[in-house]
Amino acid sequence: KKTLESVRYEQLPKLQPVSSSGTLQRGYGVYFKLKATDRTWLEGEKLFRLTLRVPVSWRADYLRITGQAIGVKRGLVRQLDERVVCGRVDSLVTMHLVGDVEARRAADWMIDRRRQLVSAASQQHSDIDRRRYPTVFHKVGAAFDVVDPAIASDWLPRLLNTPAGQFHSALPNRLPVDVRVAALDYLEAKNDLHQLALARHVVAKPVAPAESAEDKFTSAARVSANAETASVAVSQ
Numbered sequence: 006k007k008t009l010e011s012v013r014y015e016q017l018p019k020l021q022p023v024s025s026s027g028t029l030q031r032g033y034g035v036y037f038k039l040k041a042t043d044r045t046w047l048e049g050e051k052l053f054r055l056t057l058r059v060p061v062s063w064r065a066d067y068l069r070i071t072g073q074a075i076g077v078k079r080g081l082v083r084q085l086d087e088r089v090v091c092g093r094v095d096s097l098v099t100m101h102l103v104g105d106v107e108a109r110r111a112a113d114w115m116i117d118r119r120r121q122l123v124s125a126a127s128q129q130h131s132d133i134d135r136r137r138y139p140t141v142f143h144k145v146g147a148a149f150d151v152v153d154p155a156i157a158s159d160w161l162p163r164l165l166n167t168p169a170g171q172f173h174s175a176l177p178n179r180l181p182v183d184v185r186v187a188a189l190d191y192l193e194a195k196n197d198l199h200q201l202a203l204a205r206h207v208v209a210k211p212v213a214p215a216e217s218a219e220d221k222f223t224s225a226a227r228v229s230a231n232a233e234t235a236s237v238a239v240s241q
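In the numbering used here, the protein residues as written are 6 to 241.
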């Protein structure tokens, strides 16, 4: 007589993260929202696809990508839970029309000037920190939190993400000369690239994928959230 004993294991199917997407800024921006559950997680690379509608005369422009992780700080009871920002990253991705050599050079030049600015700010970090409080008055005022520093602590990310053509208010006057020159070069390159998208004063606008071949204004681009220094080519 034989006695058999078997154990059966059932594995739950893999699920995709709960996600949602839509437009913002009156249709000139998009968002992708991911949420983890008990059976899913957010680690690893994620691919997002964005379709843009641009005019026939469009040549180049840039996208600003912002990633933000939001967590929940648990309270004694559920009603006291608090949503907190755990991390945030901002980056720019340049785009240009395939085959447009001048537009590609403008896109690459802007990325190069961005690198130079970040490098100059890093090398002059100590000098910039000293210039934040140039006088005794600034130092005493800062100790009592009644005087703002001459150079804000977040001046670099604010400058990097300043819209084209609006940079004068974002450029601190007390920056070291080398850093200030690098900043002006970057902002000029950024403005020059943006001008290639304004031949008809139309900004690249996200739309649903074209349903017919008659919509010749639709172009598609695939971008990565880690493509801070990458140029993304799009086909008209």
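Every residue, glycine too, gets a C-beta built ideally from N, C-alpha and C. Model, not experiment: these values are computed from the prediction.
What did DSSP end up calling residue i once you bin it into helix, strand or coil?
i       : result
Val-61  : coil
Val-242 : Residue 242 lies beyond the residue range present for the chain, which begins at 6 and ends at 241; the question has no answer from this structure.
Gln-73  : strand
Leu-180 : coil
Asp-117 : helix
Val-228 : With a pLDDT of 33 at Val-228, under the threshold of 50, the predicted position of this residue should be treated as unreliable, though the coordinate-derived value follows. It is a strand residue.
Ala-218 : Note that Ala-218 scores a pLDDT of 36, beneath 50, so its modelled location is shaky and nothing firm can be said.
Asp-197 : helix
Asp-132 : helix
Ala-213 : Reliability fails at Ala-213, whose pLDDT of 45 lies under 50, so the model's placement of it is uncertain and the value that follows must be treated cautiously. It is coil, neither helix nor strand.
Asp-95  : strand
Tyr-138 : coil
Val-207 : The predicted model places Val-207 with a pLDDT of 42, which falls under 50 and marks its position as unreliable, so this point remains unresolved.
Ser-158 : coil
Asp-66  : strand
Val-123 : helix
Val-186 : helix
Tyr-269 : With the chain running from 6 to 241 in the structure shown, residue 269 is simply not present.
Thr-234 : Confidence in Thr-234 is poor, its pLDDT being 38 and thus under 50, which makes the residue's placement too unreliable to answer from.
Below 8 Å on the Cβ atoms is my contact criterion, and I expect residue i with residue j to pass it. Report the Cβ-Cβ distance as a whole number of Å.
i       : j       : result
Tyr-191 : Arg-119 : 6 Å
Leu-164 : Tyr-67  : About 15 Å separates the two Cβ atoms, so there is no contact after all.
Met-115 : Ala-194 : 4 Å
If the criterion is Cβ atoms closer than 8 Å, does the pair residue i and residue j meet it?
i       : j       : result
Leu-97  : Arg-69  : yes
Gly-76  : Val-89  : yes
Trp-63  : Ala-202 : yes
Ala-108 : Ala-169 : no
Cys-91  : Ala-111 : no
Please name the residue in the options whose C-alpha comes closest to that of residue i.
i       : options                               : result
Ala-41  : Cys-91, Asn-178 and Ser-24            : Ser-24
Pro-181 : Ala-126, Ala-65, Arg-54 and Ala-169   : Ala-126
Lys-38  : Glu-10, Thr-71, Arg-31 and Leu-85     : Thr-71
Asp-183 : Glu-48, His-130 and Gly-34            : His-130
Leu-161 : Ser-124, Tyr-138, Arg-135 and Asn-196 : Ser-124
Gln-171 : Arg-179, Asn-196, Pro-177 and Asp-159 : Asn-196
- Task: Say whether the segment 56-66 touches the segment 182-196, bearing in mind that this needs 3 or more beta-carbon pairs closer than 8 Å, one atom from each stretch.
- Result: no
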